[in-house]
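Residue numbers for the sequence shown follow my numbering, so the first one is 1 and each next one is one higher. The C-beta atom is built at its ideal place from N, Cα and C for all residues, glycine as well. These figures come from a predicted structure and were not determined experimentally.
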Amino acid sequence: MDRFGVTAGLRRSLRLLLAAALAAPAAAPAAGDFEARLGALSGYWLAQPDTASQARVLRITNVILAEPDSVVLAGLYGPPAPVLPEARDITARLEGGRIMLDVVAADGAVVSLSHTAAGRLQGTQKHRDGTVSQLSFSAASLVQFHRFVAENPRPQARAGRGARIELVYIGADDCAMCRAWEAGHLGPRGKLESWAEWQRLRFTVVKLATLKAAFRVEDVPERLRPVFQAMIADGPRIQGVPAFVLLVNDALRAHALGPAAFATLIDPALRAAVREQRAAERT
């Protein structure tokens, strides 16, 4: 039984329900077929307002409890960040034949959204200070989500004039994927080292004794241990190799596991940080 009081058997049944919804035809079903329409909500949603600080990410992960005309969902919500906070509550309901979504964020902000005929989630966020923001979310793939996070960093991870941009690479000599990534990115002809902006970066290599070894904070240079201790305390963990951690002035900007995530998340975040730094230098 989980923290919501849902048994493992019920969770399996609810996952099957969501899977059936995801497999539903693309054409809009009848308004009463609520379950079949839930599939349109699953996954990543991105909102990019005029103000970058108001950018938001919503991720619907699974069904917790289903009723005939309402569903309690699990998911994440917040500003783009290396770790998205879990939403306190996400409820979907039918109202006038349209799916309405109510989200209570981890910080207590209340979000009210409507799923439009155009396939967007539109509505408002009421902040704790009473101010209200207009939001318009579009559905996104994992790759689009990665790029969104890469280009919309937290203020403390934005690269300004003189910022220290550091890429920490964690690998192992007996890791075939590590060797392949190194061959393609390091050295005079590598994608990273041949990059014109390479000299702006601090590149730190951490090699584990073997790919099967568990990562320990003690594996990184002593100067980085407080950074990794804080990172792990906040949620992100190194759970395999090759792993990548991008820091700006020792603030976590992005982290990823595997060459594919390096390509879709770390590389765009790295290049975005350099663009920010160059822009700051021109002002």
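ask   = With respect to the alpha helix (DSSP H) encompassing G184, which residues constitute its N-terminal and C-terminal limits?
value = 176 to 185
query = Should F137 go down as buried or exposed, given a rule of 16 or more other Cβ atoms within 10 Å for buried?
reply = The residue in question, F137, is buried, as its Cβ has 16 or more Cβ neighbours within 10 Å.
task = Please check the pair L84 and V57, which I expect to be a contact at CB under 8 Å, by giving their CB distance rounded to whole angstroms.
result = Taking C-beta atoms under 8 Å as the contact rule, L84 and V57 qualify, at a distance of about 6 Å.
Beta-carbon proximity of I266 to A256, cut-off 8 Å = Yes.
request  = Would you tell me roughly how many angstroms separate the C-alpha atoms of V227 and E35, rounded to the nearest one?
outcome  = 44 Å
request  = Leaving aside the five residues before and after Q48 along the sequence, list all residues of the same chain whose C-beta is less than 8 Å from its C-beta, in chain order.
outcome  = A55, F148, N152
key: Candidates R93, A269, D219: closest to L113 by CA position   = R93
message = To test your reading of the DSSP string, which unbroken alpha helix (DSSP H) runs of 4 or more residues are found completely within the region 118 to 188?
response = 142 to 151, 176 to 185
ask   = How would you label P155, buried or exposed, when you count the other beta carbons within 10 angstroms and need 16 or more for buried?
value = exposed
task = Counting only the same chain and skipping the five closest in sequence on each side, list residues whose C-beta sits under 8 Å from that of A27.
result = Reliability fails at A27, whose pLDDT of 39 lies under 50, so the model's placement of it is uncertain and no value is given.
ask   = When the Cα atoms are used, what is the spatial distance from K126 to L135?
value = Those two C-alpha atoms are separated by around 11 Å.
key: For R271, three-class secondary structure by DSSP   = helix
ask   = Taking C-alpha atoms, which residue in L211, S70, V206 lies nearest to D174?
value = Cα-wise, what sits closest to D174 is L211.
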